[in-house]
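Going by the working numbering, the sequence shown wraps up at 939, each residue one higher than the last.
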Amino acid sequence: MFNQSRKNIIIGMILVMGIIIIARLFSLQVSDNKYSILADEQGKFRKVVYPDRGILFDRKGRAILRNTVIYDLMITPGKLKGMHLDTLSLCRVLSIDTTEFNKRLQVAKKTYRASVFEASLSDEVVARVNESMYKWEPAFYLQERPVRDYPFDAGGNILGYLSEVSPAFLEAHEGEGYQPGDYAGVAGLERTYEKVLMGQRGIEYWKRDNRNRLTEPLENKRFDTPAISGQNLHLSLDIKLQELGEYLMTNKVGSIVAIDPKTGGVLALVSSPTYKPSLLTGSDRKKHYTELVLDPRSPMFNRAVNATYMPGSTFKTLQALIGLQEGVITPNTTFVCTGAYYGCGRPMRCIDPGVFKLKEAITWSCNTYFANVMQRTINNPQFGSAVEGLNQWAAYMRGFGLGHKLGIDMPSEKGGLIPTPEFYDKIYGKGRWNFCTFRSVSIGQGEVNVTPLQVANEMAYIANKGWFITPHMVDSIDGGDQYGLLDSFKLRHYPLNISDSVFEAVHDGMQGVMERGTGAAAKVPGIVVCGKTGTVENYYKGVKQKDHAFFAAFAPRDNPRIAIAVVCENAGFGSSSSAPIASLMIEQYLNDSIGSPERKARLEALAHTNLMPKRILDEIRKKDSIQAIKKAELERKQKEQMKKESQVADNGNLNPSVESGDPRKHGRKGDESHKISMIYGALISYHENGSSWHSKA
């Protein structure tokens, strides 16, 4: 009985397996002949369809980053066999020599699939390739590819750029759909949101005729896979405000960051000098990239989130908040300033002596007042020791968003520095320091460092009376945020429990700055602004330089809609440069225009004020001189090389490994002139074009 049951089980298993095998064979051989059809290379062409990358829109729905089409020249090495390829004519069209041709050919032979032989062809080259394509088919063909287009050509440091994926990138992102020759975001928002912007490639299969021309879709597109476009991003950025900021910062080194305090959305993020994003797309992108990298002005360095500065007197607003909250001062606490703070045995100078309460101390930026405030905070008996006092002070600063990364959706954000007891222990030895060791920190000098983004966020925190939302560029993603990229930008942060009355006292002082104090020259007509100027000591390689100018503000006071920070390097007092720039940015954003002729004239005067540091100008002159020498030498060598190639070409085939046409049929002299002009173009150093700003809807 048992044996019979086991026999039945075995027979059943055999029958089931047989049915599965038969069904599978039927599927492969009868129901679906896809593989046999696609395996037949003869008369068919596999075309990769690149998806449209996601579009970026500003806060008013204006497309600031979209797509256009360019062409790559593709090669399928396996189809070179038996061809009589006119190598020389192709080299001439692409402006390369046969050595470079063979080098690329060897790289292409490493894969059996088609790969990019020459990327991002200019319109002129595309026309020349199309005209002579019959000479190089079927091994070569043109492949269209969507690339980025910039309607406003602003915000280069925000948007970022695309670059061809490297072997290291492919290895790190294996299984994510990338292939050699693909492009991916490597900077800015293109990098941060690559996962949602990239989309998914498609595949089309076409029939070929006996002259290798595409005729019709294979099997009525039965085997095609449609491309899926990337997701669009909607930014908090106001592109017209961004344009204005970049214009105002012409020939200056520094940054502007403007934030909507209620949402944390970044309205403008200017890093200067900057670059036009269109430079890093199209056929000349590699040349432009090299020029930008070598530019002494470092236009690709995003100073808004990557550069750190001493905050100067903008820091005094935070010292006031801590002093008031800890009870070491009140709004009526008075200190006498005789022109310097003498509490540590050596004077710390102050510009405007007098007798100050808190409001006046903020209004006139009294160093003596805030040195006393921090000294009282650190030595507060409630803390028991200076060590604990500094710990508590540093905890406040971290709560204000300093000393750590905020988490903006931009690459390479810096966290700055807020000193702690451990920091000073490493420098001076454990416990071998006191307030006098770091008294300059009380006025935003010394060992404290912040980014412009952090200062703008600090203003948002003060404007909101105790909370902020993490600053961010992207508000929403079409089709939903499936990866949770925006989750951290939805929550209010209440890091400290500071009373509204404390904030009001600081607001009073900041309003005084703009109405009669150090920022009075930067008033905004009809708008109550709360601001704070800052002048930052500046050293380069140990040598004292002209001070940096800082300014931070929010407006309007009663219903804050913009918080802003401006820093101009080597510009002197914050009241004379950074504050006027901020006032125009505030006016433009809140009023959607610059009103009076006087204000427009002020705008133009600021935009045409050259504050480029002397050391950078010296570096530019030195670089230009060196490049002029190299240019002449390379031109001489290139002429010699072309002369040798011409002699060799007249004697026979430049590339004996691949049969070519007769080089004497082609206009060599014109092509040589073209090569010379190419070399000139590659050697010209980058210089920013003149620009102007226009307020448009």
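All C-beta atoms, glycine included, are put in the ideal place defined by N, C-alpha and C.
Beta-bridge pairing of residue i - partner residues as DSSP gives them
i    : result
K352 : Per DSSP, none; premise fails for K352.
Q787 : N780
D391 : R308
N691 : L659
M289 : The sequence given here places Lys at residue 289; Met does not occur at that position. According to DSSP, K289 bridges with E446.
F793 : T775 and V808
E360 : L315
G507 : H714
R591 : A582
G596 : C579
S513 : S497
T467 : I445
E382 : The residue you asked about is not Glu; residue 382 is Phe in the sequence shown. F382 pairs with I317.
H735 : F710
CA nearest to the CA of residue i, picked from the options
i    : options                   : result
R355 : M316, R618, P573 and Q484 : M316
P663 : L431, I620, I253 and M652 : I620
E861 : S540, Y425, S374 and K321 : S540
S825 : D866, T775, Y292 and K856 : T775
G773 : G751, H790 and N780       : G751
D314 : Y425, Q348 and N812       : Y425
A350 : R334, P422 and I660       : P422
W709 : T505, L727, D594 and V683 : T505
D834 : K601, D789, R863 and R803 : R803
S520 : T310, D594 and Y447       : T310
V358 : V407, I470 and R674       : V407
I400 : F665, E840 and F299       : F299
G688 : P694, K672 and L659       : L659
L327 : Y376, K885, H735 and E840 : Y376
Residue span of the alpha helix (DSSP H) that contains residue i, given as start and end
i    : result
C333 : T329 to L336
L536 : R527 to L536
H415 : Unbroken run through H415: none, as it is neither H nor E.
I564 : K558 to E568
G843 : According to the sequence shown, residue 843 is Ala rather than Gly. Element bounds for A843: P839 to A849.
N622 : Premise fails: N622 is in no alpha helix (DSSP H) and is neither H nor E.
M827 : S820 to N833
Rounded straight-line distance, which links the Cα of residue j to that of residue i
i    : j    : result
I253 : G260 : 11 angstroms
E630 : A429 : 41 angstroms
H714 : G649 : 8 angstroms
Y703 : I501 : 11 angstroms
M552 : G417 : 45 angstroms
Q617 : A747 : 20 angstroms
K599 : F577 : 7 angstroms
N895 : T353 : Because N895 carries a pLDDT of 46, less than 50, the predicted location of this residue cannot be relied on, and no value is offered for it.
H850 : K494 : 10 angstroms
I571 : P623 : 14 angstroms
V584 : K865 : What sits at residue 584 in the sequence shown is Tyr, not Val. The straight-line gap from Cα to Cα measures roughly 47 angstroms.
S902 : M491 : Only weak support is given to the placement of S902: the predicted model assigns it a pLDDT of 39, under 50, and the value that follows is read from those uncertain coordinates. Roughly 54 angstroms between the two C-alpha positions.
F745 : G569 : 14 angstroms
Q869 : K656 : 33 angstroms
I256 : L322 : 50 angstroms
R387 : V778 : 48 angstroms
I306 : L632 : 46 angstroms
K707 : R844 : 33 angstroms
L853 : E811 : 8 angstroms
Residue range of the unbroken beta strand (DSSP E) whose run includes residue i
i    : result
P459 : L456 to P459
E406 : L404 to E406
A426 : Y425 to G427
S476 : For the record, residue 476 in the displayed sequence is His; it is not Ser. Taken as a continuous stretch (DSSP letters only), the beta strand (DSSP E) holding H476 covers L475 to L477.
V499 : G496 to I501
Short Cβ contact (8 angstroms threshold) for residue i with residue j
i    : j    : result
A549 : V499 : no
V808 : I828 : no
T610 : C586 : no
L479 : R301 : yes
D642 : L560 : Per the sequence shown, the amino acid found at residue 642 is Phe instead of Asp. Yes, the pair counts as a contact, with Cβ atoms nearer than the cut-off.
I685 : F557 : yes
N544 : S525 : no
T523 : R390 : yes
G303 : G472 : no
R799 : V766 : no
A763 : S817 : yes
G427 : L412 : no
I711 : L727 : no
Closer than 8 angstroms to chain D by CB, residue i
i    : result
I823 : Absent here is chain D; the protein component of the structure consists of one chain.
Any non-hydrogen atom of the ligand FAD within 7 angstroms of residue i CB
i    : result
G417 : Within the structure as shown, the ligand FAD is missing, as the structure has no ligands at all.
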